[in-house]
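Data first, discussion second: the structure below is written as structure tokens.
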Amino acid sequence: MTRIVVVGVGGQGVLFASKVLSEAALMEGKNAVMSEVHGMAQRGGVVMCNICVGCIESSLVGDAEADIIFAFEPMEAYRALPKANAGTRFVTSTSKVVPVVVSIGKQKYPDVEGLFNEIRAITPKLTAVDADALANQAGSYVTANSVLLGALAGTAECPVSVEILKEALKNTVPPKTLEINMKAFELGLAAAKLG
């Protein structure tokens, strides 16, 4: 059984990636249960999904129960820290989504390395990739979610095989974006294996 918390900001593709990951588990013959929570805003609000691969009853992940925290944004990775334990694998982007209160000067965005140090104080298993830069390298910033799926696939904790996850991604993206999404996935996979 693998309990996964997927977190990010509306518009980053959190729900898309959660769907691909759940679909991959089903393709491997594993039960997958998913639940989602949306913030107040469609874009810019907090989005969280819980996925339980191999679970039958519930996808809800309690405090200190996550096997994987899959974060699309550093601050959201940090906010998910209560779900982590010493064995939790974090996979996160280093790319920030600056909240409105920060952009208007009312608050400061925390130091990303400081956030990662807080995570490392709980678990040494942190995979951090610059998903936005890799997505741009693949050809489009909107493929950052595919970069992160690749990064997750590059960890030992990923509950599905690389090939099945790639197949689920191929089955989910529109045909006209297939090539760019597969390139993004491969860049994320390579980055995870390097780091």
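Numbered as in my numbering, the sequence shown ends at 209 without a single skipped number. From the three backbone atoms N, C-alpha and C, an ideal C-beta is built for every residue, glycine too.
query                                                                                                     : result
Alpha-carbon to alpha-carbon, N64 and G199                                                                : Checking the sequence, you will find Phe at residue 199 rather than Gly. Each residue's Cα considered, the two are about 22 angstroms apart.
Distance CB(V176)-CB(A38) smaller than 7 angstroms                                                        : no
At least three beta-carbon pairs within less than 8 angstroms, the segment 129-149 to the segment 177-189 : no
For F84: DSSP bridge partner residues                                                                     : V20 and V105
Boundaries of the beta strand (DSSP E) in which I65 is found, first to last residue                       : V60 to V67
Cβ contact (3+ pairs, closer than 8 angstroms) linking the segment 65-73 and the segment 21-29            : no
Three-way DSSP call (helix, strand, coil) for L140 in this model                                          : strand
At least three beta-carbon pairs within less than 8 angstroms, the segment 99-119 to the segment 79-86    : yes
S117, DSSP secondary structure in three states                                                            : helix
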